[in-house]
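The structure under discussion appears below in the form of structure tokens.
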Amino acid sequence: MIVEPARAKLNLALHVRRRRADGYHELETLFAFVALGDEVRLGGEGEGLRVTGPFAPALGDTADNLVTRAAVAFASRFGLDTIPPIELVKHLPVASGIGGGSADAAATLRALARHCGRAPDDPALFEIAAALGSDVPACLLGRTALGRGRGEALEPLAGLPPRAVLLVNPGVAVSTAEVFRRWDGIDRGPLPDGEALEAAQCGRNDLEAPACAVAPVIADVLGRLAEQPGALLVRMSGSGATCFALYDSAAACAAAAAAIRTARPRWWCAETILA
Ligand code: C5P
């Protein structure tokens, strides 16, 4: 059996620069990854796609799952007659801005590439990834990177130290398309230059305001995270609703997690590290 991690992605910063004629938005974003994620297992028991794990029920109908679409696209591109059975172990909340579906699709492409003896950096895999979704190429690369275009034009950056990360999701699924639609059209400027964390600290997520308009609880999440001591950066990821805080100290991260779990026991709250 081939097992591939599908690590969650964070947008340390996300600057929306302009609306494009094709309906997408031109971005500048800093992608980073954490150790926590879903898992794709290729070649086990059964047939087709089986979804397990704590967030399996939230995923609903598996037929249109990005994993299946990735597998079908891979098979048609590379002439693979039979797709081995796939198990997706779902640990990440769905539609939550941390690239769960995109990371799952990317892990499926990596697993199938291994199955067929293809290199994980085959440019054809990146073409398939870009057709599946704007964040799938970044998840296929799986390392700290600057993303431009709709997020698919990538420039790898020096990795970040394994800092502690707290992820908090208030349990609302947010539509990426709707959040982008509500962006006010004001270009607030490019990402600052420099080392990724410093650039992120001086940067923004321009989707925070429109996401808070769609789901006001996100402002509460950001506020609670900002109240806890010791964070290097507090921000929403992607189009939300998951927000994160980065810490130098694992103890500060654990203390913030404990405080938020006590105040909001229904929120999903996960401690991990940058990977
Ligand atoms: O590429 P993906 O399918 O993940 O995008 C989902 C939706 O998010 C798109 O249909 C589009 O409405 C919006 N989007 C956007 N600009 C981007 C990425 C996504 O407007 N750069």
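Each residue of the sequence shown is one higher than the one before, starting from 87 at the first, in the working numbering.
Where is the CB? At the ideal position from N, CA and C, for every residue including glycine.
Since the model is a prediction, treat every value here as computed from it, not as a measurement.
Closer than 7 Å to a non-hydrogen atom of ligand 2 - does that hold for the CB of residue i?
i: residue 113; result: Inclusion of ligand 2 in the displayed structure is not the case, the ligand content consisting of ligand 1 alone.
Report the rounded CA-to-CA distance for residue i versus residue j, giving the unit in angstroms.
i: residue 212; j: residue 226; result: 7 Å
i: residue 347; j: residue 334; result: 20 Å
i: residue 344; j: residue 169; result: 43 Å
i: residue 204; j: residue 195; result: 10 Å
i: residue 215; j: residue 207; result: 12 Å
Kindly identify the DSSP beta-bridge partner or partners of residue i.
i: residue 104; result: 112
i: residue 266; result: DSSP lists no partner for residue 266.
i: residue 359; result: 250
i: residue 88; result: 128
i: residue 138; result: 175
i: residue 362; result: Since the first and last residues shown for the chain are 87 and 361, residue 362 lies out of range.
i: residue 275; result: DSSP, once it has assigned bridges, lists no residue as partnering residue 275.
i: residue 93; result: 123
Grab me the residues of residue i's own chain with a C-beta within less than 6 Å of its C-beta, minus the 5 sequence neighbours each way, in chain order.
i: residue 320; result: 311, 312 and 331
i: residue 98; result: 116, 118 and 286
i: residue 133; result: 171
i: residue 269; result: 102 and 296
Determine the burial state of residue i: buried for a count of at least 16 other Cβ atoms within 10 Å of its Cβ, exposed for fewer.
i: residue 261; result: exposed
i: residue 49; result: Residue 49 falls outside the range modelled here, since the chain spans only 87 to 361, and no answer is possible.
i: residue 158; result: exposed
i: residue 289; result: buried
i: residue 272; result: exposed
i: residue 146; result: exposed
Going along the chain, which residues of its own chain have a beta-carbon closer than 7 Å to the beta-carbon of residue i, five neighbours each way excluded?
i: residue 88; result: 128, 129, 197, 200 and 201
i: residue 173; result: 127, 130, 136 and 138
i: residue 189; result: 92, 93, 94, 95, 123, 124 and 225
i: residue 258; result: 301, 303 and 327
Using a Cβ-Cβ cutoff of less than 8 Å, which residues in the same chain neighbour residue i once the five nearest sequence positions on both sides are dropped?
i: residue 305; result: 298
i: residue 275; result: 101
Problem set entry | Those runs of the beta strand (DSSP E) which lie wholly inside the region 183 to 241 and span at least 3 residues | 231 to 234
Problem set entry | Whole alpha helix (DSSP H) elements within the region 283 to 320, 4-residue minimum | 294 to 300 and 303 to 313
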